[in-house]
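Asker:
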Amino acid sequence: MSLDGRPVIAFCTNDYLGLARHPRVVAAFQRGAEVYGVGSGSAHLVAGHGPAHEALEEELADFLGRPRALLFSTGYMANLGVIQALAGPGDPVFEDKLNHASLIDGALLARARLRRYPHADMAALRRQVQGHITTEGTATALIATDGVFSMDGDLAPLPELAALARAAGAWLLVDDAHGIGVLGREGRGCLDHFGLGMEEVPILVGTLGKALGTFGAFVAGEDDLIETLIQSARSYIYTTAPPPALAAATRASLALARREEWRRERLRELIGGFRAGAAQLGLPLLPSPTPIQPLLAGSAERALAWSQTLESRGLLVTAIRPPTVPLGSARLRVTLSALHSDQELDMLLEALADLPDVQESDGPESPSGPPAVPTAP
Ligand SMILES: Cc1ncc(COP(=O)(O)O)c(C=O)c1O
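All letters in the sequence shown, in the order written, are residues 0 to 376 by numbering that gives the first Met the number 0.
1. With contact counted as at least three CB pairs below 8 Å, one residue from each stretch, are the segment 70-87 and the segment 122-131 in contact?
2. For residue 237, is the classification buried or exposed, using 16 other Cβ atoms within 10 angstroms of its Cβ as the cut-off for buried?
3. For residue 357, I'd like the list of residues in its chain whose CB is within less than 7 Å of its CB, leaving aside the five on either flank, ordered along the chain.
4. Give, in chain order, every unbroken run of the beta strand (DSSP E) that is at least 3 residues long and sits entirely within the segment 176-200.
5. Less than 7 Å between the C-beta atoms of residue 294 and residue 347, yes or no?
6. Taking 6 Å as the cut-off, is the beta-carbon of residue 222 closer than that to any non-hydrogen atom of ligand 1?
7. Please return the same chain residues whose Cβ sits closer than 6 Å to the Cβ of residue 92, not counting the five positions on each side in sequence.
8. Give the range of the alpha helix (DSSP H) segment to which residue 206 is assigned.
9. Using only the heavy atoms of ligand 1, determine whether one of them is closer than 6 Å to the beta carbon of residue 75.
10. May I ask you to check if the CB of residue 95 is nearer than 6 Å to at least one heavy atom of ligand 2?
11. Considering only heavy atoms of ligand 1, does any lie closer than 6 Å to the CB of residue 52?
12. Say whether the segment 205-212 touches the segment 158-172, bearing in mind that this needs 3 or more beta-carbon pairs closer than 8 Å, one atom from each stretch.
13. Can you tell me whether residue 298 is helix, strand or coil according to DSSP?
14. Please work out which residues of its chain come closer than 8 Å, Cβ to Cβ, to residue 60, disregarding the five sequence neighbours upstream and downstream, and give them in chain order.
15. Tell me the start and end of each unbroken alpha helix (DSSP H) in the segment 82-141 that is at least 4 residues and wholly inside, in chain order.
16. Which term fits residue 324, buried or exposed, when burial requires 16 or more other beta carbons within 10 angstroms of its beta carbon?
17. Using 7 Å as the threshold, is the C-beta distance between residue 173 and residue 203 below it?
18. Considering only their Cβ atoms, is the gap separating residue 246 from residue 52 smaller than 7 Å?
19. Hey, would you say residue 143 sits closer than 7 Å to residue 221, going by beta carbons?
20. Note down the Cα distance separating residue 337 from residue 24, rounded to an integer number of angstroms.
21. Which word fits residue 56, buried or exposed, when buried means at least 16 other C-beta atoms lie within 10 angstroms of its C-beta?
22. Using CA atoms only, rank isn't needed, just tell me which of 252, 239 and 188 is closest to residue 147.
23. Could you spell out the range, first to last residue, of the alpha helix (DSSP H) harbouring residue 28?
24. Decide yes or no for the touch test of the segment 14-24 against the segment 247-267: beta carbon pairs closer than 8 Å, at least 3 of them.
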């Protein structure tokens, strides 16, 4: 990237597969603009939904093995829309405390009864859900979780969540913004990684602006779910449809993401290399098996100072501070991309090793190599 005219190497974007600048994706975008123009002109339900959107929805459904997919303008809007459409005022919605803000805001918009359980704590969730069943009978209940947690990089315990949701008769929504493209066969995400289907996880949200390198989002599931969203998800209905050229670009990047397995292999290699190097240096990493590798600083001041030091050495790693993360857990959210070279990774590790106080900061563990990616039991 270029920062005020100075070249820097970015270790903080979500372009995990390195597709955002791929010539085929760029060419599809340009061709799409020539064919369809730039703007879609109106909402999907008026005249904004065209053949490029339709083709992308069909290809996403095919990719994920679900009957239908519905495009949203952003992941934030998809989460607002799906929760507001499914949960009514007073309905219980259970969410992990580290869920993305859009899942929390969706429950607030729905005026649902939001209960947040400590991160990945299945015993706490079970108690909350049992309390709800005994006190509230058959009201609709929804459990919503990130698949890969956006600021920590760890995976939700999806097999346990699915079993719990099924036993309670609750819906399960998984937002796989950071797993699509990265995990599973052909990059189908964390559900494929765990071997979970639509029976276990009826509502799947994914975003297009991260590993797929473009912009936008989708919800995938049964026909009834998608029809319900079309009829009542306000963030789908009352907004201009995304540019058709964007859908054309995403079709190109989806094909590349599916086909080019080397990108996922390269990412795994980089994750392993980064974690092994960080372990040797005693850096306070979190136990993440994904391209999101946070380095805990503790205070916001230290995270900022680290980020500025790295920037002076030509490395862009933005500081993430409260309230985006809990108080006392400010961090550098290092992210890796399949296009990073070994040399760039070494540059990062050398610069991290030189940060002031880096070994003494309050990390929860001293990592020893990459943690195993959890799989289905
Ligand atoms: C888990 C998660 N869900 C949803 C979003 C929102 O997606 P978008 O940027 O497309 O609005 C993000 C990040 O941006 C995210 O990390």
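C-beta atoms are modelled at their ideal positions from N, C-alpha and C, and glycine is treated no differently.
Answerer: From the atom records:
1. no
2. exposed
3. 282 and 351
4. none
5. no
6. no
7. 86, 106, 111, 113 and 141
8. Unbroken run through residue 206 is the beta strand (DSSP E), 202-206; no alpha helix (DSSP H).
9. yes
10. The model depicted lacks ligand 2 and carries ligand 1 instead.
11. no
12. no
13. coil
14. 66, 67, 68 and 219
15. 100-108 and 121-135
16. buried
17. yes
18. yes
19. no
20. 16 Å
21. buried
22. 188
23. 22-35
24. yes
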